[in-house]
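Below is one structure, written out as structure tokens; the observations come after it.
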Amino acid sequence: MQLTAESPPNEPRRKRGLLANIAHHWADYVYILPAILVMVLVIGYPIVYTVWLSFHDTPIRTGDHIFNGVDNYREILSSPKFWKTTKNTFVWTIGSTGGAFILGFAAALVLHKQFIGRGVVRAILLIPYVISAVAAAYVWKWMLHSDYGLISGVLKDWGIIDQNLVLLDSKDRVLPTVIVVNIWKEFSFVMIMMIAGLQTVPEQLLRAARVDGAGVWQQFTHVTVPYLKNVILITTLLLFVANLNSFTLVYLMTGGGPANASQLWITDIYNIAFRSLGYGLASAYSVILFLVMLAAGWYYVRILTQGSKRGAS
Amino acid sequence: MSSTTNASATAKRTYPKRRKPFRPNGWTIAGWAFLILLLIFTIVPMAWMISTSLKTQFASIQQPPDWIPDNPNLKQYRTLLNPNNELGAQFLRYFRNSLWVSTMTTILGLVVAVPAAYAFSRFTFPGKDALFFSVLVRNMFPVVVFLIPLFILMKNLGLIDSQWSLILTYLTFGLPLSIWLLKGFYDNIPPELERAARIDGATRFQAFRLIVMPLSAPGIIATAIYSFIQGWNEYVYARTFLNSEEKMTMPIGLQKFFTENSSNWPGLMAASFIMSVPVVVLFLMLQRYFVQALTEGAVKH
Chain A
1 MQLTAESPPN
11 EPRRKRGLLA
21 NIAHHWADYV
31 YILPAILVMV
41 LVIGYPIVYT
51 VWLSFHDTPI
61 RTGDHIFNGV
71 DNYREILSSP
81 KFWKTTKNTF
91 VWTIGSTGGA
101 FILGFAAALV
111 LHKQFIGRGV
121 VRAILLIPYV
131 ISAVAAAYVW
141 KWMLHSDYGL
151 ISGVLKDWGI
161 IDQNLVLLDS
171 KDRVLPTVIV
181 VNIWKEFSFV
191 MIMMIAGLQT
201 VPEQLLRAAR
211 VDGAGVWQQF
221 THVTVPYLKN
231 VILITTLLLF
241 VANLNSFTLV
251 YLMTGGGPAN
261 ASQLWITDIY
271 NIAFRSLGYG
281 LASAYSVILF
291 LVMLAAGWYY
301 VRILTQGSKR
311 GAS
Chain B
1001 MSSTTNASAT
1011 AKRTYPKRRK
1021 PFRPNGWTIA
1031 GWAFLILLLI
1041 FTIVPMAWMI
1051 STSLKTQFAS
1061 IQQPPDWIPD
1071 NPNLKQYRTL
1081 LNPNNELGAQ
1091 FLRYFRNSLW
1101 VSTMTTILGL
1111 VVAVPAAYAF
1121 SRFTFPGKDA
1131 LFFSVLVRNM
1141 FPVVVFLIPL
1151 FILMKNLGLI
1161 DSQWSLILTY
1171 LTFGLPLSIW
1181 LLKGFYDNIP
1191 PELERAARID
1201 GATRFQAFRL
1211 IVMPLSAPGI
1221 IATAIYSFIQ
1231 GWNEYVYART
1241 FLNSEEKMTM
1251 PIGLQKFFTE
1261 NSSNWPGLMA
1271 ASFIMSVPVV
1281 VLFLMLQRYF
1291 VQALTEGAVK
1301 H
């Protein structure tokens, strides 16, 4: 077969064997080769290695890898700390995602309307999302400081409280507090997604609903929300995963404390791996987390590919 | 909230010249109140960061707190930005390192992502769907899961304590989004344009370089600023991969500053502020592209 690699785009497909087909398209692969190479190296290899390592004991002194079956998994799943951490992670992820979603969606609904200064308001609201989580963690840590913090100081000054407010050092309040900070950091992501989504809702649909006697709230629940179903799903999923993976804010603000009251899966894994150097154990932990993600990921890709199929047709 | 917009739209349709008198209803008022509260919630931490950074250490711990510092001074900024004192030299080095890492990440990321996105948009080749799927799935992977094996990998490659380990990691983690984003832009450029160029004798690469690249400039800018900001802000990997003082990037430098001068809140706030300036300025200048980077793909269809 005399085939030139440089076939023009959209050339009709001819039937070939798989290998011949791949050979025919060798020039196409050149374009994606760099991407594939770095992804295999930085993503593919680590996944395989983590799974492999999760079935091994990795004593620090010798640096060996000793196969120990599912012992790592058993150790994690049977520790009471794991279940406490799981509960924290659950509260953190659901709380942050839900809070940021409600706040962000509400902001989008207000900002969807034209008014003077809308662009400025939108830009200001987006700044927390853009700045580093490190800077955000320190500013909030400073504002929430038990002795000199702004929040304690102002509330005392206004006579709302008479004693300093202990937030980050209290076992009961620490998790809600970091969730609020996290919502501050990421609600504008939802806002931006939903503004973009709202622009796609056809005005005729809303008008039709109005003609049928729907009020503002009914238009919202019966027209806007159903129309934006995909955008809502994707946004919450992305946020859910981001929160499940979020490390910096909690780690820098609380370090998982006090007494593990704000310990999350991610911070726990980090501590096991790099404080106690338990690579095997941390790997098993990562695999568990990874499986949870994979379930979410499968769902996410399904929504995403469905969306593009609909867009193409 | 939206009812007034709609009402005025209806009014405009029937009587184009006349505007409805401004009569806010309950939803509008609630919307405005909400927006004002949200703005306060957003701005207070940032305002407090700046306010504290202009105070002396003593003034910063006064209770009740002062919103506007009595004697605002730029002492902290002068110290941090002065290359001749030790702290300043250190801080400026972190800044330069961050700049280097983020810039290289952005440039190399584009070099890898642009051809790949183009191929995914234009060509059909065996395994394309599977490959594209695997690119997308990466978005879901927990970053920390990769930390242990990547640390070991970088150690084996001799890249621990080298900024190249960070550049390689950031650019790879940024790839799925970049490819997804750029593919969206290429999908919107009609292939007829290239075909015309090809008929005029251009090679496929020339058609790509002369026709497609200029048309996809917005996509490239969007991708670039997104990966720059990601690289600038990243903390976990920088903390894990870098050991020596002179290699560290801003987020780690800031943490070091905090542990070493834990009572110098004005200094820490000034450092946080300086660290935030480049990304905020970049974002404000190229806001449109950044927003596009975030929403593209999820909302388009």
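Protein sequence lines, in the order shown, are assigned to chains A and B.
Using my numbering, you'd call the opening residue of the first sequence number 1 and step up by one each time.
Using my numbering, you'd call the opening residue of the second sequence number 1001 and step up by one each time.
In this text, a Cβ means the ideal position worked out from N, Cα and C, and glycines have one as well.
Keep in mind that this is a model prediction, so the values were computed, not measured.
Beta-carbon proximity of B/Ala1222 to B/Gln1287, cut-off 8 Å: no
For B/Leu1166 and B/Ala1238, the rounded distance between their alpha carbons: 7 Å
Test: A/His25 CB closer than 8 Å to a CB of chain B: yes
C-alpha distance - B/Phe1273 paired with B/Leu1159, whole-angstrom precision: 31 Å
Give the DSSP-derived three-state secondary structure of B/Phe1185 in the structure shown. helix
Interface residues of chain B around A/Val121 at Cβ under 8 Å? Leu1035 and Leu1039
Per-residue burial, B/Thr1203 [other beta carbons within 10 Å of its own, 16 or more giving buried]: exposed
Best match in A/Phe105, A/Asp169, A/Leu77 and A/Leu249 for proximity to A/Leu233 [C-alpha to C-alpha]: A/Phe105
With contact counted as at least three CB pairs below 8 Å, one residue from each stretch, are the region 241 to 254 of chain A and the region 129 to 147 of chain A in contact? They touch, by the three-pair rule.
So B/Leu1168 and B/Phe1228 are in contact, right, with Cβ under 8 Å, and what is the actual spacing, rounded? Not confirmed; about 16 Å, so no contact.
So, does the CB of A/Met253 fall closer than 8 Å to a CB anywhere in chain B? no
B/Asn1243 versus chain A: which residues are under 8 Å apart at the beta carbon? Under the 8 Å cutoff, chain A gives no residues; its nearest Cβ is about 12 Å from B/Asn1243.
Contained alpha helix (DSSP H) runs [length at least 4] in the region 251 to 292 of chain A, N- to C-terminal order: 265 to 274
Give the DSSP-derived three-state secondary structure of A/His222 in the structure shown. helix
Output needed for A/Thr4: all residues of its chain with C-beta closer than 6 Å, excluding positions within five of it in sequence on either side, in chain order. Bear in mind that a pLDDT of 43 at A/Thr4, under 50, signals an unreliable position, so the model cannot answer this.
In whole angstroms, give me the CA-to-CA distance for B/Met1213 and B/Leu1177. 18 Å
Report, in whole angstroms, the separation of the C-beta atoms of A/Leu168 and A/Lys141, which I expect to be a contact under 8 Å. Right, their Cβ atoms sit about 7 Å apart.
Give, in chain order, every residue of the region 69 to 103 of chain A whose Cβ lies closer than 9 Å to some Cβ of chain B. Leu103
Check each residue of the region 1223 to 1242 of chain B: if its Cβ is closer than 8 Å to any Cβ of chain A, include it; give the result in chain order. The region 1223 to 1242 of chain B vs chain A, Cβ under 8 Å: Ile1229, Trp1232, Asn1233, Tyr1235, Val1236 and Thr1240.
Between A/Val110 and A/Val120, what straight-line distance do the alpha-carbon atoms span, to the nearest angstrom? 14 Å
Take every Cβ of the region 216 to 223 of chain A, pair it with every Cβ of the region 232 to 246 of chain A, and state whether three or more of those distances are shorter than 8 Å. no
Give a single yes or no on whether B/Val1111 has its beta carbon closer than 7 Å to a heavy atom of the ligand NAD. You won't find the ligand NAD in this model; it holds no ligand whatsoever.
B/Phe1125 to B/Ser1216, Cα distance in whole Å? Cα-Cα distance, rounded: 23 Å.
Return the chain-ordered list of same chain residues with a C-beta closer than 7 Å to the C-beta of A/Val130, the five sequence neighbours on each side being excluded. none
Between A/Asp64 and chain B, is there a C-beta pair that is closer than 8 Å? Taking Cβ atoms only, chain B never reaches closer than 8 Å to A/Asp64, which makes this a no.
Residues of chain A with CB closer than 8 Å to the CB of B/Tyr1077, please, in chain order. Here the premise fails: no neighbours, minimum Cβ distance about 15 Å.
Could you spell out the range, first to last residue, of the alpha helix (DSSP H) harbouring B/Trp1027? Gly1026 to Ser1053
Where the alpha helix (DSSP H) through B/Gly1201 begins and ends: Careful: B/Gly1201 lies outside any alpha helix (DSSP H) and carries neither H nor E.
Under three-state DSSP, which class holds A/His56? strand
Below 8 Å on C-beta distance, what does A/Tyr138 contact in chain B? Under the 8 Å cutoff, chain B gives Leu1254, Phe1258, Leu1268, Met1269 and Ser1272.
Local conformation of B/Ile1179 per DSSP, three classes: helix
Are the beta-carbon atoms of B/Pro1266 and A/Leu150 separated by less than 8 Å? no
Classification of A/Thr85 by the beta-carbon crowding that lies within 10 angstroms, buried from 16 upward: Buried, since its Cβ has 16 or more Cβ neighbours within 10 Å.
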